[in-house]
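Residue numbers (the working numbering): 3 to 415. Have a look at the structure below before the remarks.
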Ligand SMILES: [Zn+2]
């Protein structure tokens with residue numbers, strides 16, 4: 003048993019912080035939480051005293067790509083895809099996973115990995131071969147031929163094995179779902195609705211899959227007991243994706259009020275990915291090779307994403323934090339930037355922490371994310387007060403991380 007005594011507790015339920023708290027851990031679970039004076043020191047418990055620290059639940063990032071390095075330059079990104087074998091991608095991902103965990107993230111959802119490599123990383127973490135967060139992996143995202151993830155632009159003689167999983171037609175999407183689940187996927191990633199840069203002022207989004215395809219994939223996934231996470235952009239195609247059964251919508255810059263209401267009714271999660279949008283917009287603005295339509299799309303998406311966040315919050319939509327780390331963003335050091343941006347977008351620091359803990363854990367259906375009796379003991383001790391300064395979560399040296407009741411230690415070299 004471990005007894006952690008801290009100055010302040012933020013339990014992730016949204017309740018106000020309480021002071022002078024003890025958390026008693028038995029095995030991988032929280033056995034008791036309460037005022038230190040009430041809990042005392044059970045016999046044989048190892049005591050960790052951190053009077054200046056704030057305990058928060060382990061952080062959850064519901065949108066990462068551990069198979070990617072975060073490199074921004076497009077040609078360099080492609081070179082990595084071409085040059086690294088899948089085993090090497092998985093081994094590199096193991097170091098990203100450890101770094102992510104040391105930055106306080108005890109759970110992540112991986113949103114597509116060439117070769118399905120993050121399924122193997124998940125298994126290696128669960129087996130104790132390597133150290134990392136709890137990982138939920140989708141294997142390969144399902145995309146239409148030439149779609150968002152079936153990246154066009156390679157010479158037509160170039161071919162890659164298992165880099166994406168193109169499907170066309172409802173039957174192919176059903177088969178795609180089955181193939182990913184056979185490989186060991188925990189959920190399904192679809193790309194039903196994408197950005198459209200031809201005339202963004204008129205229509206900045208478009209369907210990529212048709213409704214029959216979306217419905218078939220969602221039905222198959224739900225029948226087999228897994229959820230569907232969808233890359234989306236907005237407008238009527240986004241609404242159609244939600245109606246057809248997508249459970250979490252990523253990016254989703256443009257959402258009208260009726261669709262927000264529908265999301266509340268259906269329990270659909272919004273993963274606004276503010277950080278990657280900021281990064282890609284900054285890159286677009288300074289990239290002379292980018293088309294006028296792309297630059298305009300970036301400007302419009304920036305305006306829309308903040309305004310949409312305000313209305314989503316007001317409507318009561320469940321919002322979880324997903325950084326898109328791996329895509330233009332480094333793993334570990336950048337993930338908590340998403341929490342900072344929620345605060346910039348009008349969330350209180352307490353609300354933003356709950357989005358990054360309890361809501362994320364609910365989305366991933368893991369029994370963590372709240373520091374209450376019976377939950378998994380995924381806990382971060384933060385030096386200082388994150389409600390006074392949310393940016394202290396950025397630095398790994400401010401964090402002492404416990405996953406399943408075990409302290410995560412940085413490697414000595
Ligand atoms: Zn992504």
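The beta carbon of each residue, even a glycine, is placed where N, CA and C say it ideally should be.
Report the rounded CA-to-CA distance for residue i versus residue j, giving the unit in angstroms.
i: residue 151; j: residue 404; result: 35 Å
i: residue 336; j: residue 124; result: 21 Å
i: residue 155; j: residue 80; result: 10 Å
i: residue 429; j: residue 120; result: The structure shown does not extend to residue 429, since the chain is modelled only from 3 to 415, so the question has no answer here.
i: residue 199; j: residue 234; result: 14 Å
i: residue 303; j: residue 294; result: 14 Å
i: residue 311; j: residue 274; result: 8 Å
i: residue 267; j: residue 23; result: 37 Å
i: residue 226; j: residue 175; result: 14 Å
i: residue 135; j: residue 204; result: 42 Å
i: residue 262; j: residue 245; result: 12 Å
i: residue 392; j: residue 82; result: 34 Å
i: residue 26; j: residue 4; result: 6 Å
i: residue 213; j: residue 29; result: 47 Å
i: residue 182; j: residue 118; result: 8 Å
i: residue 148; j: residue 95; result: 26 Å
i: residue 197; j: residue 282; result: 13 Å
i: residue 366; j: residue 410; result: 21 Å
i: residue 399; j: residue 173; result: 50 Å
i: residue 373; j: residue 162; result: 45 Å
i: residue 50; j: residue 377; result: 19 Å
i: residue 169; j: residue 179; result: 10 Å
i: residue 300; j: residue 57; result: 38 Å
i: residue 317; j: residue 264; result: 10 Å
i: residue 290; j: residue 297; result: 10 Å
i: residue 167; j: residue 271; result: 24 Å
i: residue 397; j: residue 386; result: 12 Å
i: residue 187; j: residue 215; result: 19 Å
i: residue 39; j: residue 20; result: 13 Å
i: residue 157; j: residue 184; result: 31 Å
i: residue 109; j: residue 86; result: 26 Å
i: residue 14; j: residue 171; result: 42 Å
i: residue 242; j: residue 407; result: 42 Å
i: residue 313; j: residue 129; result: 43 Å
i: residue 230; j: residue 63; result: 16 Å
i: residue 413; j: residue 287; result: 39 Å
i: residue 45; j: residue 7; result: 15 Å
My assumption, with CB atoms under 8 Å, is that residue i sits in contact with residue j. Please give the rounded CB distance.
i: residue 41; j: residue 34; result: 6 Å
i: residue 189; j: residue 140; result: 5 Å
i: residue 306; j: residue 255; result: 5 Å
i: residue 2; j: residue 9; result: Past the boundaries of the shown model lies residue 2; the chain is included only from 3 to 415, so the question cannot be answered.
i: residue 332; j: residue 344; result: About 20 Å; that fails the 8 Å criterion.
i: residue 12; j: residue 352; result: 7 Å
i: residue 327; j: residue 72; result: 7 Å
i: residue 357; j: residue 322; result: 6 Å
i: residue 381; j: residue 388; result: Contact doesn't hold; Cβ gap of about 14 Å is too wide.
i: residue 278; j: residue 325; result: 7 Å
i: residue 347; j: residue 276; result: 7 Å
i: residue 191; j: residue 269; result: Contact flag wrong, Cβ pair sits at about 19 Å.
i: residue 122; j: residue 92; result: 5 Å
i: residue 112; j: residue 334; result: Residue 112 to residue 334, Cβ: 15 Å. No contact.
In the DSSP assignment, find the beta strand (DSSP E) that holds residue i and state where it starts and stops.
i: residue 52; result: 48–59
i: residue 297; result: Taken as a continuous stretch (DSSP letters only), residue 297 belongs to no beta strand (DSSP E), being part of the alpha helix (DSSP H) at 294–317.
i: residue 93; result: It is not in any beta strand (DSSP E) - residue 93 instead sits in the alpha helix (DSSP H) that spans 88–104.
i: residue 5; result: 4–11
i: residue 401; result: 401–405
i: residue 139; result: 136–139
i: residue 32; result: 31–37
i: residue 110; result: 107–112
Can you give me the start and stop residues for the alpha helix (DSSP H) that residue i sits inside?
i: residue 364; result: 362–366
i: residue 283; result: 276–288
i: residue 128; result: 119–128
i: residue 338; result: Where residue 338 is concerned, there is no enclosing alpha helix (DSSP H), given that its DSSP letter is neither H nor E.
i: residue 26; result: No alpha helix (DSSP H) contains residue 26, which is instead part of the beta strand (DSSP E) from 20–28.
i: residue 325; result: Segment: none, residue 325 is in no alpha helix (DSSP H) and carries neither H nor E.
i: residue 77; result: 76–85
Next on the checklist: Any residue with its Cβ nearer than 6 Å to a heavy atom of ligand 1 should be included. What is that list in chain order?
Outcome noted: This selection yields 65, 67, 113, 326, 329.
Next on the checklist: To test your reading of the DSSP string, which unbroken alpha helix (DSSP H) runs of 4 or more residues are found completely within the stretch 156–236?
Outcome noted: Within the stretch 156–236, the complete alpha helix (DSSP H) runs of at least 4 residues fall at 172–185, 213–225.
Next on the checklist: List, from N- to C-terminal side, the alpha helix (DSSP H) runs of 4 residues or more that fit wholly inside the stretch 342–399.
Outcome noted: Fully enclosed alpha helix (DSSP H) runs of 4 or longer: 351–356, 362–366.
Checklist entry - Where are the beta strand (DSSP E) runs, 3 residues long or more, that stay fully inside the stretch 229–273, in chain order? => result Correct list: 230–236, 250–256, 271–273.
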